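**Student:**
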Amino acid sequence: MKLFTQLALVTAIATSGSAFAMQTMNDSDLSATTGQDGITILIAPPKLTGAQQTSLGVTQTNGILIGAAVLHDKDGIVDATNTTGTSGGAIIIGDAKQANAANTAGTQLGIFGSTPISVVLDASGGGAAGSVSGTSPVLNVKLGLPSDLLIRTGDISVDGSNRGAIAVGAAGATAANAAVGGTTGNAVKVLNSMDIALGGATMNIQLGHTPQGAFINAAGTITGGLSIANLSVHDATYDGVSLGGDLGVSRLTVTDTGSANLTLNAGITVTKDVGTLWGGAASAGGLVITTAGNASDIMLQNVTLGSANSTLGDLQLINVQSAGTHIAIQGH
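In the working numbering, each number is its position in the sequence shown, counted from 1, plus 16.
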């Protein structure tokens, strides 16, 4: 009986060997279970209701609304003739009333789309293709945008800041402290809200070493071109009297020359010596955008001055060759 039991056990193991066999798995197999080929993250903003779409005037099905984004310039204006600075100011992007209840309400900041934003994460040891190691490791993040992506800037206003006297790192520096946070409630609108269409583009971000030559590379084809609707500079007063008007453009469109679409191609880097980019002396660092790609056509439709009825017509810039242009953004 004992021998029979042992034979039965051996037979069972032998017949089920295929279920327990150790088999080699390739990258494709492993990526499905362990992320060996990288990780993909899909970000879908909340779904908008029909009433929201109607009130917001968008056709996109999903969106994120942000009441206001506030940049506090805590030392005010400081230049060669004014070394002590004026009172602290604030730049409000979005609804000024949500930065301080005393302000006049405005348009919120919004990001809209009908498909998810994709984020693909990959890491490399920095070696040659097929090698097992390298000396220049890099984290690669590829950001894919919905084809109908719409960015609504919200109104852009200036106001006084209630945070100028708050020391960096102090307990009162937290935004939750309403007694010292926010603005003074004297917001003045300087730019009306704009709608920017940037659908179908991708941005490739590299952290660590940057074999692509830039911190961020933006690429892709924007169907219908880059479009900015309702571009308008707002002047609240004239000579101290509330007689201000707008310098406006109903729609600004940028496309490749001879095409209905725009090929997006720009690199973004962070550098400590901005001046050396255009052959000058080293200067304070900043974020630098370098353009590349094709020549472009720029159309400004319905340019107005003062009021919506005082139109100057349309303005076209044809065959603009701007590849290699550097745009630097610096703090002070």
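Using N, Cα and C, we set each Cβ at its ideal position, and we do this for glycine too.
This structure is a prediction, so every number in the text was calculated from the model and none was measured.
1) On the three-pair Cβ rule with 8 Å, is the stretch 156 to 170 touching the stretch 201 to 214?
2) Could you please give me the residues that DSSP links to L165 through a beta bridge?
3) Where does the unbroken beta strand (DSSP E) through Q332 begin, and where does it stop?
4) Taking DSSP's pairing of strands, which residues face L159 in a bridge?
5) Taking all protein chains shown into account, do 16 or more other C-beta atoms lie within 10 angstroms of the C-beta of T265, making it buried, or fewer, making it exposed?
6) Which residues bound the beta strand (DSSP E) around T271?
7) Hey, how far is the Cα of Q332 from the Cα of A234?
8) Can you check DSSP and say which residues form a bridge with V317?
9) Any idea which residues DSSP pairs A213 with across the strands?
10) S275: which of L263, D251, L268 and T237 sits nearest, CA to CA?
11) Return the chain-ordered list of same chain residues with a C-beta closer than 6 Å to the C-beta of D330, the five sequence neighbours on each side being excluded.
12) Locate the alpha helix (DSSP H) running through A308, then write down its first and last residues.
13) Would you give the residue range spanned by the beta strand (DSSP E) that A235 belongs to?
14) Alpha carbon to alpha carbon, how far is G241 from T271?
15) How long is the line joining the alpha carbons of A203 and G110, rounded to whole angstroms?
16) Here's the rule I'm using: 16 or more other beta-carbon atoms within 10 Å means buried, otherwise exposed. How should V290 be labelled?
17) Just to confirm the assignment, what range does the alpha helix (DSSP H) spanning L71 have?
18) Locate the beta strand (DSSP E) running through G105, then write down its first and last residues.
19) According to DSSP, is K288 helix, strand or coil?
20) From G33 to G54, what does the alpha carbon distance come to, in whole angstroms?
21) Please state the DSSP three-state secondary structure of K90.
22) In angstroms, rounded to a whole number, what distance separates the CA positions of N335 and G150?
23) Give me whichever residues DSSP pairs with G79 in a beta bridge.
24) Taking 8 Å as the cut-off, does the stretch 318 to 326 touch the stretch 298 to 310 (at least 3 CB pairs, one atom from each stretch)?
25) Comparing C-alpha positions only, which one of V249, Q228, P227 and N220 sits nearest to V206?
26) Work out the CA separation of A139 and I82 for me, nearest whole Å.
27) Using only the alpha-carbon positions, how far apart do H342 and N281 sit?
28) Can you tell which of K90, V174 and S152 has the C-alpha that lies nearest to the C-alpha of Q228?
29) Which same chain residues, not among the five before or five after I232, have their C-beta less than 6 Å away from its C-beta?
30) Tell me which residues share the same chain as L268 and place their Cβ nearer than 6 Å to its Cβ, disregarding the 5 neighbours each side in the sequence.
31) Using CA atoms only, rank isn't needed, just tell me which of L125, P61 and D91 is closest to G176.
**Tutor:** On the basis of the supplied data:
1) yes
2) Your numbering for residue 165 matches position 149 in the sequence shown. Beta-bridge pairing links L165 to no other residue.
3) To locate residue 332, count along the sequence shown from 1; it is residue 316. Counting along the chain, the beta strand (DSSP E) containing Q332 begins and ends at T327 to V336.
4) Taking the first residue of the sequence shown as 1, we reach residue 159 at position 143. Answer is V135 and M219, bridged to L159.
5) Numbered from its first residue, the sequence shown carries residue 265 at position 249. With the sequence shown as reference, residue 265 is identified as Val, and Thr is not the correct amino acid for it. Under this definition V265 is a buried residue.
6) Position 255 of the sequence shown, counted from the first residue, corresponds to residue 271. Segment D262 to D272, the beta strand (DSSP E) holding T271.
7) What you label residue 332 is simply residue 316 of the sequence shown in a count that begins at 1. What you label residue 234 is simply residue 218 of the sequence shown in a count that begins at 1. Going by the C-alpha atoms only, they are around 25 Å apart.
8) Counting from one through the sequence shown, the residue named residue 317 turns up at place 301. Per the sequence shown, the amino acid found at residue 317 is Gln instead of Val. For Q317, which the question treats as bridged, DSSP gives the partners R267.
9) If you number the sequence shown from 1, residue 213 lands on position 197. Its beta-bridge partners are L166 and S243.
10) For the purposes of this step, residue 275 is taken as the residue at position 259 of the sequence shown. The residue with the shortest Cα to Cα distance from S275 is T237.
11) Position 314 of the sequence shown, counted from the start, is the residue given in the question as residue 330. Excluding residues within five positions, the ones whose Cβ falls inside 6 Å are Q317.
12) Looking up residue 308 in the sequence shown gives position 292. No alpha helix (DSSP H) holds A308; DSSP gives it neither H nor E.
13) Numbered from its first residue, the sequence shown carries residue 235 at position 219. Taken as a continuous stretch (DSSP letters only), the beta strand (DSSP E) holding A235 covers I232 to I238.
14) Here residue 241 corresponds to residue number 225 of the sequence shown, with the count starting at 1. Here residue 271 corresponds to residue number 255 of the sequence shown, with the count starting at 1. Distance between the alpha carbons of G241 and T271: 5 Å.
15) Indexing the sequence shown from 1 puts residue 203 at position 187. Indexing the sequence shown from 1 puts residue 110 at position 94. Answer to the nearest angstrom: the Cα atoms are 12 Å apart.
16) Reading the sequence shown from its first residue, position 274 is the one you call residue 290. With 16 or more Cβ atoms within 10 Å of its Cβ, V290 is classed as buried.
17) By one-based count along the sequence shown, residue 71 stands at place 55. Note on residue identity: the sequence assigns Ser, not Leu, to residue 71. Where S71 is concerned, the enclosing alpha helix (DSSP H) stretches over G66 to L72.
18) The residue labelled residue 105 in the question sits at position 89 within the sequence shown. Note, G105: beta strand (DSSP E), G105 to G110.
19) One-based indexing of the sequence shown puts residue 288 at position 272. Note: K288 maps to coil in three-state DSSP.
20) Translated into positions along the sequence shown, residue 33 becomes position 17. Translated into positions along the sequence shown, residue 54 becomes position 38. Residue confidence for G33 is low, a pLDDT of 49 falling below 50, so the modelled location carries little weight; the figure read from the coordinates is stated next. For G33 and G54, the distance between alpha carbons rounds to 32 Å.
21) Taking the sequence shown and counting its residues from 1, one reaches residue 90 at position 74. Here K90 sits in coil by DSSP.
22) Numbered from its first residue, the sequence shown carries residue 335 at position 319. Numbered from its first residue, the sequence shown carries residue 150 at position 134. Whole-angstrom Cα-Cα distance: 44 Å.
23) Here residue 79 refers to the residue found at position 63 of the sequence shown. Per DSSP, F128.
24) no
25) Taking the sequence shown and counting its residues from 1, the one referred to as residue 206 is at position 190. Considering only alpha carbons, the answer is V249.
26) For the purposes of this step, residue 82 is identified with residue 66 of the sequence shown, where counting begins at 1. For the purposes of this step, residue 139 is identified with residue 123 of the sequence shown, where counting begins at 1. If you take the alpha carbons of I82 and A139, they lie about 32 Å apart.
27) Start at 1 with the first residue of the sequence shown, and residue 342 comes out as number 326. Start at 1 with the first residue of the sequence shown, and residue 281 comes out as number 265. Cα to Cα, the separation comes out at about 13 Å.
28) Numbered from 1 along the sequence shown, position 212 holds the residue referred to as residue 228. Closest option to Q228, Cα to Cα, is S152.
29) In the sequence shown, counting from the first residue as 1, residue 232 sits at position 216. If we look at I232 and ignore the five residues flanking it on each side, its Cβ neighbours are M219, I221 and I284.
30) Looking up residue 268 in the sequence shown gives position 252. Same-chain partners within the cutoff: I244, L247 and L316.
31) By one-based count along the sequence shown, residue 176 stands at place 160. Checking every option, the nearest Cα to that of G176 belongs to D91.
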